[in-house]
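Protein chains in written order, with this note's numbering: chain L, 565 to 1173; chain P, 6 to 375.
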């Protein structure tokens, strides 16, 4: 049997609310501490307690962080899904089975480790409630022993999680120990999987996208935060509140920030627009259903030219929809959110590092462009653990845009709020309450105004306003984050992706190279498109745009933007609600290129066209 | 058509101010508080309220650059263009002015916010935001220009129309009206008044008292619509309001910067001191009314409804109500004016957090810890 080192995934099937999170975090952290690249994804139900949930941990010596289709090791802790979870495993998989759970006969080509969990727990605590929580640590111990996770790393990870609660720490430690001992004495090693120390995580951090975005906002100098709770966006704001409380109160306890839990998302964006109008760095965060409610105000912000930052952590909707499933389905909706000729800049973070960077940069852009800027994250990026280089301190000063002070106004014969003085489509503004020269005052309303902010229904004035906003969008193309380009030598096929799809792309490019297809890859990081897009598409006869929605929204926007080159664009779509995996991308491109698929069965999930 | 005032840049005294016009405590004439010419119907109650706001702002000596005018959508919401032309204005979307006001206030707590809304904008599409603004006690002088009818869309009933009131074409309203004052008091509002656009003597001191209040101040002003609700059968016509208007008291307002001795017979007058030291004097009319009692206010509103009267005056006041910015313990400096060094934590802070994310140690649950 050939040993497989540092390249497998673990699937833990538990019941939601059963306390498995600590156990899974300990496993994840311990592998990370061994220097092995690792990612963790929580595939959870829309439920507080009782429904099935799965946590996947992928260790990859190649550094692949995308979801991997299928599990090498399955931990069975949920009676309800045990049969189907086992049925989904492939030959050669490992199954760690809580012996208490009744399951149909398991095919002989699976490697089963049966663990008498109830009996092992008897020696640890008599408290039934605690048993239920701590039992998860038994599989941590079993896996640690069987896979060779260093015991001291488990201990360090446990200590980091529970160090402040000595009693809980001792109990959990005892359970890990019991699992380890049982595996050592009764479960001879029959599987090929092994973890060995590497040096690929030194200096790296492990963090969720929402936490990273919150940190970005903190260091971007956010002053007003409004929100209405919604999965998967809430943890962004909750993290931010934690950071603000810790780092943004004066010695006397007074706050340099305001957080408002609004009555709904309409109020949330209204407060952001009011705050942005008056000079605060204001943001809100939501998901698709909230974005829907924000539509009218989003257009108002566009036409009245008010800075605002809106995070959309995408999920499947509307209404409840599938609130715990990931998606990139809001792209075109958000880009044109509201009626009329609105068009918003949209930032597309693909990594936790991007979340941090854009968390701050979105404010600079919003204030420079005087318009709402949307940051389009998704559940996979936002709520899962990602490995990353540490975030660099933002050394640049902030950009507060074209704001006139009293001293500026004193130099000017007149002030006109919507006059394009510089030719870049961006006018100058004044902040109510912070300028006292009376010529700085102006009246803000939606689209019906002339250069001096006077109400008008004149067709000419309306056209002038729209054309200036168009010029502003052209300016935005030069200011938004540039795409990232990577090209194989002699590449013949172009690939384009954005957001969390990026991680499957990295891996798919390696698979494609192994299959003889050399690729160029453009990772888009914003709308509107920069000049790089056209240059990229010009180079390739066929460009595959890969994304996680049914209709190929990005492919559509690219086709619209490119004119004659549009025929080169092919759309690859994954829309199951599960994070996209590399195999899906590779198969789609190989199919498109008329190449044979590799021996492994192609996974049919989502659609490619 | 323009509704932004033509004004000489940077002048106090205004282009229209006659030479030697009297000046208030901040050196401005009454004309400095004017706005653009109204585009509402001649005789509209809203125009009288606009005039009342201009006069009250002049008398109170408001600094225009510290005032923001806010509104939603409707005839009433057009009016901020017609007063205080030297102040910033924000004509928001329908029913959502309270959220704009909340954001402006949090960005700059030094500003006085004057919000103008209507009965459609407040009692229907904006009822939720109205309630939550009050619940948070956002400092806004919130004026409802209440005519019981949708004017700008030509005469539909609003949610404040009284049972039995008729439309111009004769259709009768059968639905219970929403009493915005009773609702505001129920929600804990610390300043609730009702007035009539035709009673400037009452409206002006109420406005000035509201300017001095810390927290949401709601003034529901019955303001007849001359085009769609001034007919016989409308309970908010000029004739009907004049007939049923029942003032609770005569009101005088003495600002903190004026040392005026008011000589009223003892027992006949109540005095309310506002947080800035200004004083409101309420002179007894038919009976003694205590505006600091919520129970009394509810009772008075209920009785008046049964008797088909409009009671007007200061219905309820709590000068000690705690405004939103105090609740949030905001720093003195407006958030909008904070320099970068006060809002971007130091490099060492980020380095410490990065260290925690390497080890998983020391992170709170909200920061991605266990």
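Backbone N, C-alpha and C define an ideal beta-carbon position, used for all residues, glycine too.
No experiment lies behind these values; they were computed from the predicted model shown.
* Report the residues of the segment 105-136 of chain P with a CB closer than 7 Å to any CB of chain L, ordered along the chain. => Hits within the stretch, in order: 105, 106, 107, 108, 109, 111, 112, 113, 115, 116, 133 and 134.
* **Endpoints, the beta strand (DSSP E) within which residue 825/L is located** => 822-825
* Is residue 1002/L close to chain P, meaning its C-beta is less than 7 Å from at least one C-beta of that chain? -> yes
* **When 821/L, 939/L, 887/L and 1015/L are compared against residue 869/L, the one with the closest alpha-carbon** => 1015/L
* Asked: Any C-beta of chain P sitting closer than 7 Å to the C-beta of residue 600/L?
  -> no
* To do: With DSSP as the reference, label residue 918/L as helix, strand or coil.
  => helix
* Asked: Under a Cβ-count criterion, where at least 16 other Cβ atoms within 10 Å of its own Cβ denotes burial, should residue 11/P be classed as buried or exposed?
  -> Confidence is the limiting factor: at residue 11/P the pLDDT is only 38, short of 50, which leaves the residue's position unreliable, though a coordinate-based value still follows. Exposed, because fewer than 16 other Cβ atoms sit within 10 Å of the Cβ of residue 11/P.
* Asked: Can you find a C-beta in chain L that's less than 7 Å from the C-beta of residue 350/P?
  -> It does: the Cβ of residue 350/P has a partner Cβ on chain L nearer than 7 Å.
* Any chain P beta carbon closer than 7 Å to residue 835/L -> yes
* To do: Please say whether residue 895/L and residue 1118/L have beta carbons closer to each other than 7 Å?
  => yes
* To do: Quick one: using the 10 Å Cβ neighbour count with 16 as the cut-off for buried, is residue 654/L buried or exposed?
  => exposed
* Output the distance between the C-alpha atoms of residue 332/P and residue 1131/L, rounded to the nearest integer angstrom. => 58 Å
* Asked: Would you call the CB atoms of residue 937/L and residue 946/L closer than 7 Å?
  -> no
* Would you tell me roughly how many angstroms separate the C-alpha atoms of residue 942/L and residue 821/L, rounded to the nearest one? => 26 Å
* Does the beta carbon of residue 42/P come closer than 7 Å to any beta carbon on chain L? -> Not a single C-beta of chain L is nearer than 7 Å to the C-beta of residue 42/P.
* Asked: How would you list, in chain order, the residues of chain L whose beta-carbon sits under 7 Å from the beta-carbon of residue 362/P?
  -> Around residue 362/P, the beta-carbon contacts reaching into chain L at under 7 Å are 769, 770 and 771.
* How about residue 957/L: is its C-beta nearer than 7 Å to some C-beta of chain P? -> yes
* In angstroms with no decimal places, state the Cα-to-Cα distance between residue 1153/L and residue 663/L. => If you take the alpha carbons of residue 1153/L and residue 663/L, they lie about 43 Å apart.
* Asked: CA-CA distance, residue 879/L and residue 107/P?
  -> 29 Å
* Give the residues of chain L in contact with residue 183/P, contact being defined as C-beta atoms less than 8 Å apart. => In chain order: nothing, as chain L lies at least about 18 Å away.
* Where does residue 135/P sit, in a helix, a strand or coil, going by DSSP? -> helix
* Going by the CB atoms, is the gap between residue 1096/L and residue 1045/L shorter than 7 Å? -> In this structure, residue 1096/L does not lie closer than 7 Å to residue 1045/L by Cβ.
* Asked: Any Cβ of chain L within less than 7 Å of the Cβ of residue 62/P?
  -> no
* **Beta-carbon proximity check, residue 1009/L vs residue 96/P, cutoff 7 Å** => By the CB criterion at 7 Å, residue 1009/L and residue 96/P fall inside the cutoff.
* Asked: Terminal residues of the continuous beta strand (DSSP E) containing residue 573/L?
  -> First-last of the beta strand (DSSP E) with residue 573/L: 571-579.
* Three or more beta-carbon pairs under 8 Å between the segment 49-67 of chain P and the segment 198-212 of chain P, yes or no? -> Contact holds: three or more Cβ-Cβ distances are below 8 Å.
* To do: Taking residue 1174/L as the reference, give the member of 260/P, 328/P, 105/P and 334/P with the closest Cα.
  => Since the first residue of chain L shown is 565 and the last is 1173, residue 1174/L is not available in this structure.
* Asked: With C-beta atoms as the reference, is residue 708/L less than 7 Å away from residue 718/L?
  -> It is a contact, given that the beta carbons lie within the stated cut-off.
* Asked: Hey, which unbroken runs of the alpha helix (DSSP H) at 4 residues or more fall wholly within the segment 909-967 of chain L?
  -> 916-933 and 943-947
* Asked: Identify the residues that DSSP records as bridge partners of residue 1067/L: which are they?
  -> None; residue 1067/L has no bridge partner.
* Asked: For residue 678/L versus residue 661/L, is the C-beta spacing smaller than 7 Å?
  -> yes
* Considering only residues of the segment 743-774 of chain L, which uninterrupted beta strand (DSSP E) runs meet the minimum length of 3 residues and lie entirely inside it, listed in chain order? -> Runs of the beta strand (DSSP E) inside the segment 743-774 of chain L: 769-772.
* Asked: Excluding five sequence neighbours on each side, which residues of the same chain lie with their C-beta closer than 8 Å to the C-beta of residue 79/P?
  -> 99, 122, 123, 125, 126, 155, 156 and 157
* Asked: Candidates 1145/L, 1146/L, 1149/L and 1110/L: which alpha carbon is nearest residue 1133/L's?
  -> By alpha-carbon distance to residue 1133/L, the top candidate from 1145/L, 1146/L, 1149/L and 1110/L is 1110/L.
* **Classification of residue 740/L by the beta-carbon crowding that lies within 10 angstroms, buried from 16 upward** => Classification for residue 740/L: buried.
* Asked: Along the segment 700-730 of chain L, what residues have a CB closer than 9 Å to any CB found in chain P?
  -> 720, 721, 723, 724, 725, 726 and 727
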